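Residue numbers (the working numbering): 4 to 221. Worksheet: the structure to be examined is printed underneath.
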Ligand SMILES: [Zn+2]
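Here it is in structure tokens:
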């Protein structure tokens, strides 16, 4: 930084980040869509292509269900993913993890009461529960089979302390938060290994960008 000129200082800061942490600048210009049907997705892709957006993310409340690994659901989203890619647009989806109630068996157990509930967002599933581990596998399957580029996940950052001693992914309350974070990190890494990735925290969501526009060139 060699001057007080705001533009010059801004350029210097951006060049610094471009050099030491280029992934922080690698996020696409994306549109968040709350879709109700497949045609709305196609329309939004067309609009993105026409206006210079780089990616479309199906937001909270959209009709995408990444936990549905049925052949029909995979085929439907693979078709829409192909539709987006044919027009040079990346596609992604939102997935809610926390603030959901799954079951007494799979929810986080409060160390205070020994019962579900009392989590940071009320009820939340444990990533180390049977449901949590299956959720991880379903997300991996959906992303890989459909060719989606972006996974926008909501929770569990970092996971509530869980006093269950029967969840397969952790022993008890003492390792529960650590193990849930490890499960989440492994999922990020697994998705990211497909190609170049960048992650960012928007305040509410974590976003893992799985493929970059230029990495798909090779
Ligand atoms: Zn647990």
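C-beta atoms are modelled at their ideal positions from N, C-alpha and C, and glycine is treated no differently. These figures come from a predicted structure and were not determined experimentally.
Note down, one range per segment and in chain order, each alpha helix (DSSP H) of at least 4 residues found wholly within the region 128-179. The region 128-179 contains, as complete alpha helix (DSSP H) runs of 4+ residues, the segments 133-149 (chain order).
Per-residue DSSP class, three states only, for residue 23: It is helical.
Based on Cα-Cα distance, which residue from 30, 42, 187 and 66 lies nearest to residue 142? For the residues 30, 42, 187 and 66, the minimum Cα distance to residue 142 belongs to 187.
Who does residue 86 pair with in a DSSP beta bridge? Residue 86 pairs with nothing; no bridge assigned.
Decide yes or no for the touch test of the region 119-137 against the region 156-173: beta carbon pairs closer than 8 Å, at least 3 of them. The region 119-137 is in contact with the region 156-173.
Grouping DSSP H, G and I as helix and E and B as strand, with all else coil, what is residue 97? Three-state DSSP puts residue 97 in a strand.
Would the C-beta of residue 131 count as close to ligand 1, meaning under 7 Å from any of its heavy atoms? Because some heavy atom of ligand 1 lies under 7 Å away, the Cβ of residue 131 counts as near it: yes.
With three or more C-beta pairs closer than 8 Å as the rule, is the region 94-102 touching the region 153-165? Proximity of the region 153-165 to the region 94-102 meets the contact definition, three or more beta-carbon pairs being nearer than 8 Å.
When every heavy atom of ligand 1 is checked, does at least one fall within less than 7 Å of the C-beta of residue 101? Checking the Cβ of residue 101 against ligand 1 gives no.
Go ahead and pull the three-state DSSP assignment for residue 184. In the three-state DSSP reduction, residue 184 falls in the helix class (H, G or I).
I'd like the span of the beta strand (DSSP E) that includes residue 58, first residue to last. That run of the beta strand (DSSP E) goes 58-61.
Could you say which of 108, 120 and 145 lies nearest to residue 190 if we only look at CA atoms? Here the closest residue by C-alpha is 145.
Report yes if the C-beta distance between residue 93 and residue 58 is below 8 Å; otherwise report no. Taking C-beta atoms as the reference points, residue 93 and residue 58 count as a pair closer than 8 Å.
For residue 138 and residue 70, believed in contact at Cβ under 8 Å, the rounded distance: About 7 Å separates the beta carbons of residue 70 and residue 138, which is inside the 8 Å limit, making them a contact pair.
Would you kindly report the start and end of the unbroken alpha helix (DSSP H) that includes residue 196? Following the DSSP letters along the chain, one finds residue 196 in no alpha helix (DSSP H), marked with neither H nor E.
Can you have a look at residue 12 and say buried or exposed, based on whether 16 or more other CB atoms are within 10 angstroms of its CB? With fewer than 16 other beta carbons inside 10 angstroms of its own, residue 12 counts as exposed.
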